[in-house]
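Each residue of the sequence shown is one higher than the one before, counting from 648 in our numbering.
All C-beta atoms, glycine included, are put in the ideal place defined by N, C-alpha and C.
Model, not experiment: these values are computed from the prediction.
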Amino acid sequence: MNGHVNRGHSVIVFAVLVGLGLVTLLGYYFGYVPYLEAGNVTTQKSTLLMDTVVDVRVDGRESDLLVEKVFATMDDLEGLLSRFVPDSEISEINRRAGQWVKVSPLTLEVIELGLEMGALTDGAFDITIGAVLELWGFGSGQYYVPTEAELEARLATVDYTKVEVDTARSQVRIPEGTVLDLGGIAKGFIVDQGIQILRDAKVKRAFVNAGGDISTIGRRPDNQPWRIGVQNPENPAEIRFILPLADRSVVTSGDYQRFFTYENERYHHIIDPRTGYPAREVTSVTIVGDNSATCDALSTAVFVLGWKEGRALIERVPNVEAIIVSSTDVWISSGLDQVVTR
Ligand code: ADP
Ligand code: MG
Numbered sequence: 648m649n650g651h652v653n654r655g656h657s658v659i660v661f662a663v664l665v666g667l668g669l670v671t672l673l674g675y676y677f678g679y680v681p682y683l684e685a686g687n688v689t690t691q692k693s694t695l696l697m698d699t700v701v702d703v704r705v706d707g708r709e710s711d712l713l714v715e716k717v718f719a720t721m722d723d724l725e726g727l728l729s730r731f732v733p734d735s736e737i738s739e740i741n742r743r744a745g746q747w748v749k750v751s752p753l754t755l756e757v758i759e760l761g762l763e764m765g766a767l768t769d770g771a772f773d774i775t776i777g778a779v780l781e782l783w784g785f786g787s788g789q790y791y792v793p794t795e796a797e798l799e800a801r802l803a804t805v806d807y808t809k810v811e812v813d814t815a816r817s818q819v820r821i822p823e824g825t826v827l828d829l830g831g832i833a834k835g836f837i838v839d840q841g842i843q844i845l846r847d848a849k850v851k852r853a854f855v856n857a858g859g860d861i862s863t864i865g866r867r868p869d870n871q872p873w874r875i876g877v878q879n880p881e882n883p884a885e886i887r888f889i890l891p892l893a894d895r896s897v898v899t900s901g902d903y904q905r906f907f908t909y910e911n912e913r914y915h916h917i918i919d920p921r922t923g924y925p926a927r928e929v930t931s932v933t934i935v936g937d938n939s940a941t942c943d944a945l946s947t948a949v950f951v952l953g954w955k956e957g958r959a960l961i962e963r964v965p966n967v968e969a970i971i972v973s974s975t976d977v978w979i980s981s982g983l984d985q986v987v988t989r
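Here's what the structure looks like:
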């Protein structure tokens, strides 16, 4: 089957353009620009990681070294957590399904967080969705529209409550047939780890943008919050909302990010674990919160839950705001409503 794949970034960090002018804009395209700002060096660089463009900006002394350190850490973590890296710890857990597998503390941490998000969202977010994603061909690129019976067989392997975590021995066991997939949370978790390196180094101003999973430290040089553009899901080239963001994270899930088209039907990569089909009610979900990992999982979960249940989830979880967009409607949670530019 011939699939069409579209890889977009859902969000653009505006500060680059708005706050710092042409030099940084050029630097953005050439990948590297250190320059002086009040005696401090700013470094901004992009690289390809996790199948997306990762853009990191750091202000302060040794910013160039710190950016490299962030990239190296993110690269290492992708090597641990990706289902598509054959010698990753996640691949090993999947290969040895049914047996206990020893993993590093960070792998254990992200799996535990994934399971917590499963419980918080009543299974709308489920890291055991891997076998269903494989059937659709998300990841391999061998796209295929499965039959109901095929989906049903795979859905029988999806249940996050069956994942066993032994913290004392740092090991994990999944049932035979189950496939772990951290694609809905790992990117956010990895962004958080990058930000942690910068906080540990006492950086006062920075951001990490991994294709729309964004975390920020501090504010722009003019002391305004960073400005984050959220794309219009109907026309991803267009910015639909601008959000101010300081010391927080924002993550967007959209149906325009990864999809294929078959017989005029569009199939995207966010799967409703209740049906095995791509969730259809909304077209884009943006979550603002304290860290990228939970925002990442929540954006996927709210996308799955749809218009009504998704809103209920956001209203129930503290310190989290959202913008939910469907083809006919927009909902902005109360904490964002006053600050969003439409
Ligand atoms: P992106 O990775 O494009 O930023 P998301 O954060 O929404 O988008 O994550 C989508 C990814 O999450 C999918 O590619 C897949 O790996 C995984 N996934 C899909 N459906 C679910 C689900 N119901 N629960 C958990 N993970 C999911
Ligand atoms: Mg997500």
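Which of the three DSSP states is assigned to residue i in this structure?
i	result
Arg820	strand
Gly668	Only weak support exists for where Gly668 lies, its pLDDT of 29 falling under 50; the value from the coordinates is given anyway. DSSP places Gly668 in helix when its eight states are reduced to three.
Val972	strand
Gly901	strand
Val680	Because the pLDDT at Val680 is just 46, under 50, the model does not fix this residue reliably, and the point stays unresolved.
Ile776	strand
Thr754	helix
Gly936	strand
Leu673	With a pLDDT of 31 at Leu673, under the threshold of 50, the modelled position of that residue is not reliable, and no figure is offered here.
Val652	Because Val652 carries a pLDDT of 38, less than 50, the predicted location of this residue cannot be relied on, and the following value inherits that uncertainty. In the structure shown, Val652 sits in coil (DSSP, three-state: anything other than H, G, I, E or B).
Val732	coil
Ala766	helix
Per DSSP, what are the beta-bridge partners of residue i in this structure?
i	result
Glu811	Arg820
Ala853	Val705, Ile864
Asn882	Asn879
Arg874	Pro891
Leu695	Val700
Thr922	In DSSP, Thr922 forms no bridge with anything.
Ser931	Gly901, Val972
Arg906	According to the sequence displayed, residue 906 carries Phe and not Arg. In DSSP, Phe906 forms a bridge with His915.
Val826	Ile776
Thr988	Ile889
Val748	Val819
Ser787	Answer by DSSP bridge pairing: none, since Ser787 is not bridged.
For the alpha helix (DSSP H) holding residue i, just list the boundary residues, first then last.
i	result
Gln840	833–847
Asn911	No alpha helix (DSSP H) holds Asn911; DSSP gives it neither H nor E.
Gly953	939–963
Asn741	736–742
Ser710	710–728
Leu802	795–802
Would you mind reading off the limits of the beta strand (DSSP E) that contains residue i?
i	result
Ile979	977–979
Counting contacts by CB-CB distance shorter than 9 Å, is residue i in contact with chain D?
i	result
Gln818	Reference to chain D is not applicable here, since this structure consists of a single protein chain.
So, does the stretch 963–972 touch the stretch 919–926, judging by three or more C-beta pairs under 8 Å? The stretch 963–972 vs the stretch 919–926: no contact.
Could you tell me whether the stretch 790–797 touches the stretch 972–987, using the rule of 3 or more Cβ pairs below 8 Å? No, they do not touch.
Decide yes or no for the touch test of the stretch 891–909 against the stretch 809–818: beta carbon pairs closer than 8 Å, at least 3 of them. Using a Cβ-Cβ distance cut-off of 8 Å, the stretch 891–909 and the stretch 809–818 are not in contact, since fewer than three pairs of beta carbons, one from each stretch, lie closer than that value.
Assess contact between the stretch 822–840 and the stretch 714–732, defined as three or more Cβ pairs (one per stretch) separated by less than 8 Å. Is contact present? Taking a cut-off of 8 Å on C-beta distances, the stretch 822–840 touches the stretch 714–732, as three or more cross pairs fall below it.
Check whether the stretch 800–815 and the stretch 772–781 touch, using three or more Cβ-Cβ pairs below 8 Å as the test. As far as the Cβ criterion goes, the stretch 800–815 touches the stretch 772–781, which means the pair count is three or higher.
Measuring CB atoms only, is the stretch 872–891 touching the stretch 928–947, in the sense that at least three cross pairs come out at less than 8 Å? Yes, the stretch 872–891 is in contact with the stretch 928–947.
So, does the stretch 710–718 touch the stretch 685–701, judging by three or more C-beta pairs under 8 Å? They touch, by the three-pair rule.
Segment contact flag, the stretch 939–949 with the stretch 762–771, C-beta cutoff 8 Å, min 3 pairs: Contact holds: three or more Cβ-Cβ distances are below 8 Å.
With three or more beta-carbon pairs closer than 8 Å as the criterion, would you say the stretch 731–744 touches the stretch 819–832? Under the three-pair Cβ rule at 8 Å, the stretch 731–744 counts as touching the stretch 819–832.
Would the stretch 947–959 and the stretch 847–860 be scored as touching if the rule is three or more Cβ pairs under 8 Å? By the C-beta criterion, the stretch 947–959 is judged not to be in contact with the stretch 847–860, since fewer than 3 inter-stretch pairs fall below 8 Å.
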